[in-house]
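K.L.:
Below is a structure I'd like to ask you about.
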Amino acid sequence: MLFEEPNYYELFEVEPNASPKQLHEAYIKAKSLFEQENLATYSMYSDEERKNILNKIEEAYQTLSNPTKKSLYDDQHNIKTPRPLAQNHPSQKNHRIPATLIETTKQARTQTHEYSQIEYIPTPPPSFKNSSKHDRDLAERITNETKWTGEFLKEIRLCMGISTEELAQKTKLKKTYIDAIEAEDFANLPAAVYVRGFVSQIAKALSLPSEKVTLAYFDRYKQKLGKS
Amino acid sequence: MKATRVKQVWAVGSGKGGVGKSLISSTLAINLSKLGLKVTAIDLDLGGANLHTALGIPIPEKTLGDFLQSRSSHLSECLTATPLYNLEIISGAQDPLFVTQTTKEKKLELLNSIRSLDSDYVILDLGAGTHSSTVQFFLAADVKIVAFIPEPSSIEGAYRFIKAIYYQNLLYSPELSPIHEILRVGMNPKNSAKLKTPADVYHEVSTHHPQTLPKLVEQLRQFHIHLILNQTRTQNDTELGDAVKNVCKKYFGIPVNYLGALDYDPLVWQAVRRKKSAVIEYPSSRLALNSEQITRNLIGLKPHAI
Numbered sequence: 714m715l716f717e718e719p720n721y722y723e724l725f726e727v728e729p730n731a732s733p734k735q736l737h738e739a740y741i742k743a744k745s746l747f748e749q750e751n752l753a754t755y756s757m758y759s760d761e762e763r764k765n766i767l768n769k770i771e772e773a774y775q776t777l778s779n780p781t782k783k784s785l786y787d788d789q790h791n792i793k794t795p796r797p798l799a800q801n802h803p804s805q806k807n808h809r810i811p812a813t814l815i816e817t818t819k820q821a822r823t824q825t826h827e828y829s830q831i832e833y834i835p836t837p838p839p840s841f842k843n844s845s846k847h848d849r850d851l852a853e854r855i856t857n858e859t860k861w862t863g864e865f866l867k868e869i870r871l872c873m874g875i876s877t878e879e880l881a882q883k884t885k886l887k888k889t890y891i892d893a894i895e896a897e898d899f900a901n902l903p904a905a906v907y908v909r910g911f912v913s914q915i916a917k918a919l920s921l922p923s924e925k926v927t928l929a930y931f932d933r934y935k936q937k938l939g940k941s
Numbered sequence: 150m151k152a153t154r155v156k157q158v159w160a161v162g163s164g165k166g167g168v169g170k171s172l173i174s175s176t177l178a179i180n181l182s183k184l185g186l187k188v189t190a191i192d193l194d195l196g197g198a199n200l201h202t203a204l205g206i207p208i209p210e211k212t213l214g215d216f217l218q219s220r221s222s223h224l225s226e227c228l229t230a231t232p233l234y235n236l237e238i239i240s241g242a243q244d245p246l247f248v249t250q251t252t253k254e255k256k257l258e259l260l261n262s263i264r265s266l267d268s269d270y271v272i273l274d275l276g277a278g279t280h281s282s283t284v285q286f287f288l289a290a291d292v293k294i295v296a297f298i299p300e301p302s303s304i305e306g307a308y309r310f311i312k313a314i315y316y317q318n319l320l321y322s323p324e325l326s327p328i329h330e331i332l333r334v335g336m337n338p339k340n341s342a343k344l345k346t347p348a349d350v351y352h353e354v355s356t357h358h359p360q361t362l363p364k365l366v367e368q369l370r371q372f373h374i375h376l377i378l379n380q381t382r383t384q385n386d387t388e389l390g391d392a393v394k395n396v397c398k399k400y401f402g403i404p405v406n407y408l409g410a411l412d413y414d415p416l417v418w419q420a421v422r423r424k425k426s427a428v429i430e431y432p433s434s435r436l437a438l439n440s441e442q443i444t445r446n447l448i449g450l451k452p453h454a455i
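Residue numbers (my numbering), protein chains in the order written: chain A, 714 to 941; chain B, 150 to 455.
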């Protein structure tokens, strides 16, 4: 029907099984379209309309980038996703570790909510069109990761298609601190208490289990500082 | 009724002047003629004609004014040859300003005569803005092309132009007469009835005239416009075309096709300065290549691989 409120997928012009990267790109594109200075929209929408649309875009992204919320939304709107998301695995409920990279990044790529609040169910590597072997390997490594090195955080970030600038914007951290954390260049980081917060922020932004990441990273940080 | 040769009439309009309508019209006309099709380009920028210059020919003797003021009995008497074998033009050069005051009947006669020209395609180069004649000519075309450049005033102008043709097109439809009043209110951006957007108008119709709604939907579905973005310089500029397309589709609820961008090209400027057509002078320029893709796309030919 004409002039109907678009659903979240129509809003972003993506398919229900779009990869998190595609979703993230569509989100950034939609958001920039309705920014105040955008040439294509500034003369067509009032500030209030623009604000409402931006709120909806935000809400849509928060929903679609979160597997649990997405699945609920799909159910409520009778949207069929080719591959059902984490559900119907009673034996594996309350599993709090990211099952696969694809689970955490392909659908929840840049969500900022508390990761550990969500129940993730480990599933076999999904058969998404865009899930490459590399993605699946990385997913497995994430599941088994214990060290959480800066290098690995960087690898995950790159795999998610997020630039340092974007991550800096999301986490409100200085770009140099993100670089230093990824390079484990501890000399260029501020006091320990800050570093803990930084790592936790980054982990959340990358939809990783922030507690585990922070603990592992911070252990290494303390050890190295102790030696030097 | 005698079958006419004219397959399609294309019109190029814009909300603001200086966005390259004559360049685009002449370029499309040249491209079609190079594909072996017989083309007539008509300068309907009454009072501001410059299509002949864009095609690199001197000021023609016979002009549209001769037809509009009945000095020529048939439109074909006003044709002027161009250096291209398949391409003729009807110029509006040197016509006095009062030709813009042509009667409604004469304009209808002109539109009918256009269809009886001995051509495969007729390209109408329109004046800028939303003058009633311009809107009438634009709506009479089979392929409706709105040109704009990546500048705020041009984009605002394009939206204003689309809004004008959008509502006027609906007002032309006798089937929609029960909702003409609502449409007229919706056309006025400062109306007090809170019908601010086409969506508001649509909902108003669906509430108060549900029996007319299917006809409105049908009209909107058939109202297809094309966009060409001229003078692009950066990747962001090029993407602007898609953004404007999406905004139009959502805002007006009509099919919109973004034909593509024509990159800013200093060669064009040089050619214009020498009163030459850039696509003829520089057949391998980006303008020539981009515009050829657009032309092929419009007539349903496969694009060339670049």
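Virtual Cβ for every residue (Gly too), placed ideally from N, Cα, C.
Is the beta carbon of Ala160(B) less than 7 angstroms from the beta carbon of Lys339(B)?
P.N.:
No; because the gap between Cβ atoms is not below 7 angstroms, this pair is not in contact.
K.L.:
Looking at the C-beta of Ala753(A), does it have a partner C-beta in chain B at a distance below 7 angstroms?
P.N.:
Yes - at least one Cβ of chain B is within 7 angstroms of the one on Ala753(A).
K.L.:
Output the boundary residues of the beta strand (DSSP E) element that contains Glu237(B).
P.N.:
Its beta strand (DSSP E) spans residues 236 to 239.
K.L.:
If you run the structure through DSSP and keep just helix, strand and coil, what is Lys293(B)?
P.N.:
Lys293(B) falls in the strand class under three-state DSSP.
K.L.:
So, for His790(A): in the same chain, excluding its five sequence neighbours on each side, which residues have a beta-carbon less than 7 angstroms away from its beta-carbon?
P.N.:
These residues qualify, in order along the chain: Asn720.
K.L.:
Name the DSSP beta bridge partners of Gly162(B), please?
P.N.:
Bridge partners of Gly162(B): Val295(B).
K.L.:
Should Ile304(B) be flagged as near chain A, meaning a C-beta pair shorter than 7 angstroms?
P.N.:
With 7 angstroms as the cut-off, Ile304(B) counts as an interface residue toward chain A.
K.L.:
Please identify, using Cβ separations under 9 angstroms, the residues of the stretch 851 to 869 of chain A that lie next to chain B, in order along the chain.
P.N.:
Those would be none; no residue qualifies.
K.L.:
Quick one: give me the first and last residue of the beta strand (DSSP E) that Ile191(B) is part of.
P.N.:
Here the beta strand (DSSP E) through Ile191(B) covers 188 to 193.
K.L.:
Report the rounded CA-to-CA distance for Ser262(B) versus His223(B), giving the unit in angstroms.
P.N.:
Their backbone Cα atoms lie some 8 angstroms apart in a straight line.
K.L.:
Between the C-alpha atoms of Glu827(A) and Lys917(A), what's the straight-line distance to the nearest angstrom?
P.N.:
With a pLDDT of 38 at Glu827(A), under the threshold of 50, the modelled position of this residue cannot be trusted; read the value that follows with caution. C-alpha separation (whole angstroms): 7 angstroms.
K.L.:
What's the gap between the Cα of Ser219(B) and the Cα of His201(B)?
P.N.:
Distance between the alpha carbons of Ser219(B) and His201(B) is about 22 angstroms.
K.L.:
Check each candidate in Ser920(A), Phe899(A), Pro922(A) and name the one with the smallest Cα separation from Arg933(A).
P.N.:
When only C-alpha atoms are compared, the closest one is Phe899(A).
K.L.:
Count Cβ pairs between the stretch 188 to 197 of chain B and the stretch 264 to 281 of chain B that sit closer than 8 angstroms; are there 3 or more?
P.N.:
Judged by Cβ distances under 8 angstroms, the stretch 188 to 197 of chain B makes contact with the stretch 264 to 281 of chain B, as three or more pairs qualify.
K.L.:
With distances taken between CB atoms, is the gap from Ser303(B) to Val168(B) smaller than 7 angstroms?
P.N.:
Closer than 7 angstroms, so yes.
K.L.:
What are the residues of the stretch 283 to 299 of chain B that lie near chain A, defined by any Cβ-Cβ distance shorter than 9 angstroms?
P.N.:
Those would be Pro299, in chain order.
K.L.:
Among Glu210(B), Leu184(B), Lys312(B), Lys398(B), which has the Cα closest to the Cα of Asn337(B)?
P.N.:
Of the candidates Glu210(B), Leu184(B), Lys312(B), Lys398(B), the one whose C-alpha sits nearest the C-alpha of Asn337(B) is Lys312(B).
K.L.:
Does Leu389(B) have its Cβ less than 7 angstroms from a Cβ in chain A?
P.N.:
Chain A, which has a Cβ nearer than 7 angstroms to the Cβ of Leu389(B), makes this yes.
K.L.:
Is the separation between the beta-carbon of Arg333(B) and that of Val155(B) shorter than 7 angstroms?
P.N.:
No, they are not a contact pair.
K.L.:
Lys183(B) to Pro432(B), Cα distance in whole Å?
P.N.:
Looking at the two C-alpha atoms, the distance is approximately 11 angstroms.
K.L.:
Starting from Ile377(B) and walking both ways along the beta strand (DSSP E), at which residues does that stretch end?
P.N.:
Its beta strand (DSSP E) spans residues 374 to 381.
K.L.:
At the 7 angstroms Cβ level, is Ala392(B) part of the contact set with chain A, yes or no?
P.N.:
At least one chain A Cβ lies under 7 angstroms of Ala392(B).
K.L.:
Against Leu369(B), what residues of chain A qualify as contacts under a CB-to-CB distance less than 7 angstroms, listed in chain order?
P.N.:
Result: Leu715.
K.L.:
Scan the stretch 357 to 439 of chain B and note each continuous beta strand (DSSP E) run of 3 residues or more that stays entirely inside, going in chain order.
P.N.:
Qualifying beta strand (DSSP E) stretches, in chain order: 374 to 381, 405 to 412.
K.L.:
When the Cα atoms are used, what is the spatial distance from Phe716(A) to Thr346(B)?
P.N.:
Those two C-alpha atoms are separated by around 10 angstroms.
K.L.:
Roughly how many angstroms separate the alpha carbons of Asp349(B) and Lys343(B), rounded to a whole number?
P.N.:
The alpha-carbon atoms of Asp349(B) and Lys343(B) are separated by roughly 8 angstroms.
K.L.:
What are the start and end residues of the beta strand (DSSP E) that includes Ile272(B)?
P.N.:
From DSSP, the beta strand (DSSP E) with Ile272(B) extends over 270 to 275.
K.L.:
Using beta carbons (cut-off 7 angstroms, strictly below), is Leu746(A) in contact with chain B?
P.N.:
With 7 angstroms as the cut-off, Leu746(A) counts as an interface residue toward chain B.
K.L.:
Just by C-beta distance, which residues in the stretch 423 to 454 of chain B are closer than 9 angstroms to chain A?
P.N.:
Cβ contacts with chain A: none found.
K.L.:
So if I threshold CB-CB distances at 8 angstroms, which residues from the stretch 335 to 362 of chain B count as touching chain A?
P.N.:
Of all residues in the stretch 335 to 362 of chain B, Pro347, Ala348, Tyr351, His352 have a Cβ within less than 8 angstroms of some Cβ in chain A.
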